[in-house]
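Undergrad: Here you go, one structure.
Numbering (our numbering), first residue to last: 406 to 718.
In structure tokens, the structure reads:
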């Protein structure tokens, strides 16, 4: 039964995020919000919505290891397993923004998170700081992007234009169904994960870092894989690094404001260092040659497999 809850819950989670984005994009376009702003806010939130709902529910229900493990595990999976698999499918060219903005911001966010871990507790004020930092960063990115791209031809955004024809009532229905799907999916997915941990005597930390983190990272895997196949490499690397930033600042920030999160010894003394280490590793892989090819992709996947092997054993 737990496996069924896990699988069905994950499917509902992902579907809920997609439906929510569809409705929100349609309404935003109705009110003449730029496609650029939509992409940086609504769409990025939609792909991270599963992690957010799972982390909040886990914290409220008294499973802090799942809340933190979900974020740390997702971040490790994003820039090792998912980035590695994506570059094995198609090598990724690195642009200057990834090196000058995205990666430094991810490392700053990671170091702030690390400093907060030293207290063995992430409380309301730490969460508020993280969330406000995310808002300021988004405002700066949007301002910078709008300044650089003052005119965006509508013909350049074919995939979003059809949404304008969606009636308001239908868009609101999509948003409502998306939110309900996220809530229900998070409940079932979390119950399934906790049930499996209890049945096999596995710690919630291990389940969170492996099953939960991978499951909630599926939207990033799908998005990055499709972008790689379409040779839209900027979208692929930007999606993964952006997701890591949102996980640390948005998901942890909001979750901690809802309920303070105690940090286990294993998370503070082991998992966080793997996350920081792999985050540091991708800089030279991106910098030298300005490309992550299949060999570098295999290196990243290998690091992920070694980490999971150590965690399980």
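C-beta: ideal position from N, C-alpha, C; glycine also.
Applying the criterion that 16 or more other CB atoms from any shown protein chain within 10 Å of the CB defines a buried residue, is residue 427 buried or exposed?
TA: Residue 427 comes out buried.
Undergrad: At what residues does the alpha helix (DSSP H) containing residue 413 begin and finish?
TA: First-last of the alpha helix (DSSP H) with residue 413: 407-435.
Undergrad: Would you give the residue range spanned by the alpha helix (DSSP H) that residue 661 belongs to?
TA: 657-663
Undergrad: Is the region 614-626 close to the region 477-486, with three or more CB pairs under 8 Å?
TA: yes
Undergrad: State buried or exposed for residue 679, treating a residue as buried only when at least 16 other CB atoms are found within 10 Å of its CB.
TA: buried
Undergrad: If we ignore side chains and look at the alpha-carbon of each, how far apart do residue 627 and residue 420 end up?
TA: Counting only the Cα atoms, residue 420 lies some 13 Å from residue 627.
Undergrad: Output the distance between the C-alpha atoms of residue 715 and residue 478, rounded to the nearest integer angstrom.
TA: Cα to Cα, the separation comes out at about 13 Å.
Undergrad: For residue 498, list the residues DSSP reports as bridge partners.
TA: 696
Undergrad: Any idea if residue 545 is buried or exposed, counting beta-carbon neighbours within 10 angstroms, 16 or more meaning buried?
TA: Residue 545 is exposed by the Cβ-count criterion.
Undergrad: Quick one: residues in its chain with C-beta nearer than 7 Å to the C-beta of residue 510, no 5 flanking neighbours on either side, listed in chain order?
TA: Excluding sequence neighbours, residue 510 sits near 542 and 650.
Undergrad: Apart from the five residues just before and just after residue 662, which ones in its own chain have a Cβ nearer than 8 Å to its Cβ?
TA: 529, 532, 533 and 536
Undergrad: Is residue 499 near the ligand SAM, going by C-beta to nearest heavy atom under 8 Å?
TA: The ligand content of the structure shown is nil, which means the ligand SAM is not present either.
Undergrad: Excluding the 5 residues preceding and the 5 following residue 469 in the sequence, name in chain order all residues of the same chain whose CB lies nearer than 6 Å to its CB.
TA: 666 and 667, listed in sequence order.
Undergrad: Let me make sure I understand the geometry here. Which of 499, 463 and 518 has the alpha-carbon closest to that of residue 644?
TA: 499
Undergrad: The alpha helix (DSSP H) with residue 621 in it runs from where to where?
TA: 618-621 is the extent of the alpha helix (DSSP H) around residue 621.
Undergrad: Report the three-state DSSP secondary structure of residue 589 (helix, strand or coil).
TA: helix
Undergrad: What residue does the alpha helix (DSSP H) around residue 668 start on, and which one ends it?
TA: Run containing residue 668: none; DSSP gives neither H nor E here.
Undergrad: Where residue 424 and residue 633 are concerned, what is the direct C-alpha to C-alpha distance, given to the nearest angstrom?
TA: Cα atoms of residue 424 and residue 633: separation of roughly 23 Å, rounded to the nearest angstrom.
Undergrad: Quick one: using the 10 Å Cβ neighbour count with 16 as the cut-off for buried, is residue 417 buried or exposed?
TA: buried
Undergrad: Figure out for me which residue from 450, 675, 691 and 686 has the closest Cα to the Cα of residue 540.
TA: 450
Undergrad: Return the chain-ordered list of same chain residues with a C-beta closer than 7 Å to the C-beta of residue 712, the five sequence neighbours on each side being excluded.
TA: Within its own chain, the residues whose Cβ lies closer than 7 Å to the Cβ of residue 712, once the five positions on either side in sequence are excluded, are 481 and 679, listed in chain order.
Undergrad: Assess contact between the region 669-678 and the region 451-461, defined as three or more Cβ pairs (one per stretch) separated by less than 8 Å. Is contact present?
TA: no
Undergrad: Would you kindly report the start and end of the unbroken alpha helix (DSSP H) that includes residue 483?
TA: It is not in any alpha helix (DSSP H) - residue 483 carries neither H nor E in the DSSP assignment.
Undergrad: Measuring only the C-alpha atoms, how far is residue 653 from residue 591?
TA: 19 Å
Undergrad: Among 462, 491, 475 and 473, whose alpha-carbon lies nearest the alpha-carbon of residue 705?
TA: 491
Undergrad: Could you give the DSSP three-state label for residue 523: helix, strand or coil?
TA: coil
Undergrad: How many Å lie between residue 429 and residue 624 at the Cα?
TA: 17 Å
Undergrad: Please tell me whether residue 466 has its Cβ less than 9 Å away from any Cβ of chain D.
TA: As a matter of chain content, chain D is missing from the structure shown, which is built from one protein chain.
Undergrad: Give me the residue from 434, 552 and 471 with the minimum Cα distance to residue 597.
TA: The candidate whose alpha carbon is nearest that of residue 597 is 471.
Undergrad: Please classify residue 574: is it buried, with 16 or more other beta-carbons within 10 angstroms of its beta-carbon, or exposed?
TA: exposed
Undergrad: The alpha helix (DSSP H) that contains residue 611, what's its start and end?
TA: Counting along the chain, the alpha helix (DSSP H) containing residue 611 begins and ends at 609-612.
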